[in-house]
Amino acid sequence: MIRTPTPETIADAATLLQQGHVIGLPTETVYGLAANALDGLAVARIFTLKQRPHLNPLIVHVIDTAMAARYGVMNDLAHTLAAAFWPGPLTLVMPLRHDAGVSPLATSGLETIALRVPAHPVAQAVLRACNLPLAAPSANVSGRLSPTAPQHVNASFGDALPLILAGGAAPIGLESTVVDATGDVPVLLRHGAITADDMRAATAGPVQDGTQLENGQAPRSPGQTLRHYAPRLPLRLSAVDVAPDEALLAFGALKFMGMRGGGFARDLPPERLRNLSETGDLEEAASRLFAALHDLETSGASRIAVMDIPATGMGLAIRDRLSRAADSEKETKECAS
Ligand code: TXA
Ligand code: MG
Numbered sequence: 567m568i569r570t571p572t573p574e575t576i577a578d579a580a581t582l583l584q585q586g587h588v589i590g591l592p593t594e595t596v597y598g599l600a601a602n603a604l605d606g607l608a609v610a611r612i613f614t615l616k617q618r619p620h621l622n623p624l625i626v627h628v629i630d631t632a633m634a635a636r637y638g639v640m641n642d643l644a645h646t647l648a649a650a651f652w653p654g655p656l657t658l659v660m661p662l663r664h665d666a667g668v669s670p671l672a673t674s675g676l677e678t679i680a681l682r683v684p685a686h687p688v689a690q691a692v693l694r695a696c697n698l699p700l701a702a703p704s705a706n707v708s709g710r711l712s713p714t715a716p717q718h719v720n721a722s723f724g725d726a727l728p729l730i731l732a733g734g735a736a737p738i739g740l741e742s743t744v745v746d747a748t749g750d751v752p753v754l755l756r757h758g759a760i761t762a763d764d765m766r767a768a769t770a771g772p773v774q775d776g777t778q779l780e781n782g783q784a785p786r787s788p789g790q791t792l793r794h795y796a797p798r799l800p801l802r803l804s805a806v807d808v809a810p811d812e813a814l815l816a817f818g819a820l821k822f823m824g825m826r827g828g829g830f831a832r833d834l835p836p837e838r839l840r841n842l843s844e845t846g847d848l849e850e851a852a853s854r855l856f857a858a859l860h861d862l863e864t865s866g867a868s869r870i871a872v873m874d875i876p877a878t879g880m881g882l883a884i885r886d887r888l889s890r891a892a893d894s895e896k897e898t899k900e901c902a903s
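Note that my numbering has the sequence shown beginning at 567, numbered continuously upward.
Following this line, the structure appears as structure tokens:
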């Protein structure tokens, strides 16, 4: 059931979490399915609900750096990144403190733990009220689009959740940047709103790109190899025109973009056209991406043509999500977060 956050519903959320239930929770990146990370049964419910492979660990959300340091070993690099970007859309992978009680299911039995301090006021209020570390993956069925609105969560899990807290449209709209901070140099594992340039500026040092796997190289983040973000329709990237059976995910001015067989894309029926940002603003585009794909997949089209997104700043994260969505058809049954 979707509820507006009030002191009462926040208190209800805290009680439900303390009792081992899973709830829907807004964060500034995407909505999460949250449960007590110390409670193995509660964490197991997340995996069941999402149909998520157990080898793919969850992000554990905490209220501040001091709480993060109870569950992970923070070196100088982790402290520098935390000071620069927490609370915010950055997840830090660090060595796990085995004696701190986090369910090994949450970390998939790894020696490391992924921790994040979210900036969303509702997520913060719930973390403060329950005083627990919260395992919270994106609130989508594994391998499908991430949710950026409470309605998306309700559509996937409505009946199975005792509570979905509403927090409006997720302001960032893409999952957090994931960084391995176990060594001296940050290793980028998942693109997000905090870019490699942001981290270089904060650390005054290099950033290693761990997002592109060489052939045969073991992934440093289990989510990397997995199918992801699959909309119900195939995507066609770098489109410069639109076929009659396609919907269009646009970016920037449509100008004279044409329909195959004649006509202009700007005259598509409204349900078949979403523009991520008419002015070419990459942050606006990121915040609209998943909602636009959710809309277009029910538009009656048989495919989604996607205009090119520049490979700079937040454009890298958008392109990452789009290329995984486009590739997902080619892959087998593996699925992800
Ligand atoms: O923005 C976000 O991060 C959202 C919101 C709800 O906070 N959460 C999210 O969680 O995207 P999820 O579970 O969908 O993605 C977690 C990613 C996966 O790619 C997983 O493989 C990686 O983090 N990860 C988790 N623990 C890890 C670890 N110990 N080492 C490397 N990667 C890890
Ligand atoms: Mg996910």
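Quick reminder that beta carbons are idealized off the backbone N, C-alpha and C, glycines included.
Note that the structure is predicted; figures quoted are calculated from it, not measured.
*When every heavy atom of the ligand TXA is checked, does at least one fall within less than 7 Å of the C-beta of LEU755?*
yes
- Query: Less than 8 Å separating the beta-carbons of ALA691 and PRO592?
  - Reply: no
- Distance cut-off 7 Å: PRO741 Cβ against heavy atoms of the ligand TXA: Looking at the sequence itself, residue 741 is Glu, so the reference to Pro does not match. Yes; taking the cut-off as 7 Å, the Cβ of GLU741 has a heavy atom of the ligand TXA nearer than that.
Requested in this report: Could you tell me which residues DSSP pairs with GLN774 in its beta bridges?
Outcome: VAL753
Can you have a look at SER704 and say buried or exposed, based on whether 16 or more other CB atoms are within 10 angstroms of its CB?
buried
| task | Give me the Cα-Cα distance between LEU779 and ARG756, rounded to the nearest whole angstrom. | result | 12 Å
| If you compare alpha carbons, which of PRO684, ARG838, VAL773 is closest to GLY654? | PRO684
**Pairwise C-alpha distance: THR614 and ASP763** = 37 Å
Query raised in the report: When the Cα atoms are used, what is the spatial distance from VAL639 to ASN602?
Result: 20 Å
With a threshold of 16 other CB atoms inside 10 Å of the CB of PRO728, please say whether the residue is buried or exposed.
exposed
Q. Is any heavy atom of the ligand TXA found at a distance shorter than 7 Å from the C-beta of SER704?
A. yes
Beta strand (DSSP E) containing ASN602: first to last residue? 598 to 602
| query | Quick one, which of GLU812, ILE730, VAL659 has its alpha-carbon nearest VAL626's? | reply | VAL659
Next item on the list: Express the C-alpha separation of GLN585 and CYS696 in angstroms, rounding to a whole number.
Entry: 10 Å
Buried or exposed for SER678, going by 16 or more other Cβ atoms inside 10 Å? In the sequence on display, residue 678 carries Thr and not Ser. The residue is buried, with at least 16 neighbouring Cβ atoms inside 10 Å.
- Task: Report the three-state DSSP secondary structure of GLU849 (helix, strand or coil).
- Result: helix
Task: Buried/exposed call for LYS821, threshold 16 Cβ in 10 Å - done: exposed
Give me the Cα-Cα distance between ALA634 and LEU698, rounded to the nearest whole angstrom.
11 Å
HIS860 classed as buried or exposed, judged by whether at least 16 other C-beta atoms fall within 10 angstroms | buried
**Prompt:** Taking the C-alpha atoms as reference points, what is the distance between THR714 and ALA600?
**Reply:** 15 Å
Quiz item: Closest to ARG826 by CA distance: which of ALA805, ALA819, ASN841 is it?
Solution: ALA805
- Item | Among ALA702, THR575, LEU842, SER674, nearest to THR657 - alpha-carbon criterion | ALA702
* Whose C-beta lies closer than 7 Å to the C-beta of THR673 among residues of the same chain, with five residues either side of it excluded? -> PRO623, LEU662, ILE679
* How should MET873 be labelled, buried or exposed, when 16 other C-beta atoms within 10 angstroms of its C-beta is the threshold for buried? -> buried
State the DSSP-derived secondary structure class of HIS860, mapped to helix, strand or coil.
helix
| task | Give the single residue among PRO772, TRP652, ASN841 whose Cα lies nearest to the Cα of VAL751. | result | PRO772
For SER669, count neighbouring Cβ atoms within 10 angstroms of its own Cβ and tell me buried if that reaches 16, exposed if not. buried
**Prompt:** Looking only at its own chain, which residues have a Cβ that is under 8 Å from the Cβ of LEU607, when we skip the five neighbours before and after it?
**Reply:** GLY586
Where does HIS664 sit, in a helix, a strand or coil, going by DSSP? helix
| query | In terms of alpha-carbon separation, which member of GLN717, ALA759, ASP746 lies closest to GLN774? | reply | ASP746
Worksheet item: Between which two residues does the beta strand (DSSP E) harbouring VAL745 extend?
Response: 743 to 746
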